[in-house]
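Heads up: the sequence shown is residues 4 to 96, going by the numbering used here. Just so it is clear, CB atoms sit at the ideal spot from N, CA and C, and this is done for glycine as well. Structure first, commentary second.
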Amino acid sequence: MDACLCGQFEQHVRAVVGLPLGPATRHADSVMRNLVGPEGLAAWPEMVAAPQVVAHWYGKEEARAGRKLGHANLLLPLGKISSFEKSWRPGGW
């Protein structure tokens with residue numbers, strides 16, 4: 004979503020209203036983390052503080068177990084996803 008010049012939702016709106024599709028060129032690698040329940044709410048401040056993260060909050064006021072509150076996309080330079088995957092650990096990003 005945030006790793007391309009024109010995201011999927013913008014493309015959808017363009018198609019529905021008859022506009023030409025935008026460029027789908029990827030400018031970054033991306034890893035998405037869902038923000039779910041109280042744990043997701045607790046992770047929010049860290050997500051929005053990180054300069055390489057684009058956070059999306061869905062406007063829900065109550066954090067309940069299993070409820071998706073938003074998501075965050077960690078943007079990495081193109082070609083760096085494999086080094087991220089090698090260093091990833093459970094409980095990490």
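Extent of the continuous alpha helix (DSSP H) to which residue i belongs
i, result
"Met4", "Looking at the DSSP string, Met4 is not in any alpha helix (DSSP H), and its letter there is neither H nor E."
"Ala18", "Gln11 to Val20"
Pairwise C-alpha distance: residue j and residue i
i, j, result
"Ala31", "Leu77", "9 Å"
"Pro23", "Ala6", "20 Å"
"Ala66", "Ser86", "33 Å"
"Pro54", "Leu79", "11 Å"
Boundaries of the beta strand (DSSP E) in which residue i is found, first to last residue
i, result
"Ala75", "Lys71 to Leu79"
"Leu44", "Careful: Leu44 lies outside any beta strand (DSSP E), inside the alpha helix (DSSP H) at Gly40 to Ala52."
"Ala58", "Val56 to Trp60"
Neighbour-count burial assignment, residue i, 16 or more Cβ in a 10 Å radius
i, result
"Ala58", "buried"
"Gly43", "buried"
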